[in-house]
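Participant:
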Amino acid sequence: MVDTGSGYNAQNAKPVHVGLSSSVDIDVHVTVMTRGGRKTEVYSDVDWRGLAGKPLVVKIGN
Numbered sequence: 003m004v005d006t007g008s009g010y011n012a013q014n015a016k017p018v019h020v021g022l023s024s025s026v027d028i029d030v031h032v033t034v035m036t037r038g039g040r041k042t043e044v045y046s047d048v049d050w051r052g053l054a055g056k057p058l059v060v061k062i063g064n
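Using my numbering, the final residue of the sequence shown is 64, and nothing's skipped along the way.
(1) Using alpha carbons as the reference points, say which of Arg51, Val26, Leu53, Val34 lies closest to Glu43.
(2) Helix, strand or coil for Gly21 per DSSP?
(3) How would you write the range of the beta strand (DSSP E) that Asp27 sits in, first residue to last?
(4) Excluding five sequence neighbours on each side, which residues of the same chain lie with their C-beta closer than 6 Å to the C-beta of Val59?
(5) Considering only residues of the same chain and omitting the five flanking positions on each side of Pro17, which have a CB-CB separation below 8 Å?
(6) Taking Lys56 as part of the beta strand (DSSP E), name the residues at either end of that continuous run.
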């Protein structure tokens, strides 16, 4: 779990670096708080090998 913002009206971006086995795809779960409550996006079977050295950008909402 990574906390990228805390407190009233907080916003922040924090890079996360992880080590992975060379043979597995990953599932990415991203949870944000919206005016309507908590929203979770799940991206399944992400082939991280194509992302090596590049950021994975997740956009939620408009």
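Just so you know, even glycine gets a beta-carbon here, dropped at the ideal spot from N, CA and C.
Quick caveat, the model's predicted, so the values are computed rather than measured.
Facilitator: Here's the rundown:
(1) Val34
(2) coil
(3) Taken as a continuous stretch (DSSP letters only), Asp27 belongs to no beta strand (DSSP E), as it is neither H nor E.
(4) none
(5) Pro57
(6) That residue, Lys56, is in no beta strand (DSSP E); it is neither H nor E in DSSP.
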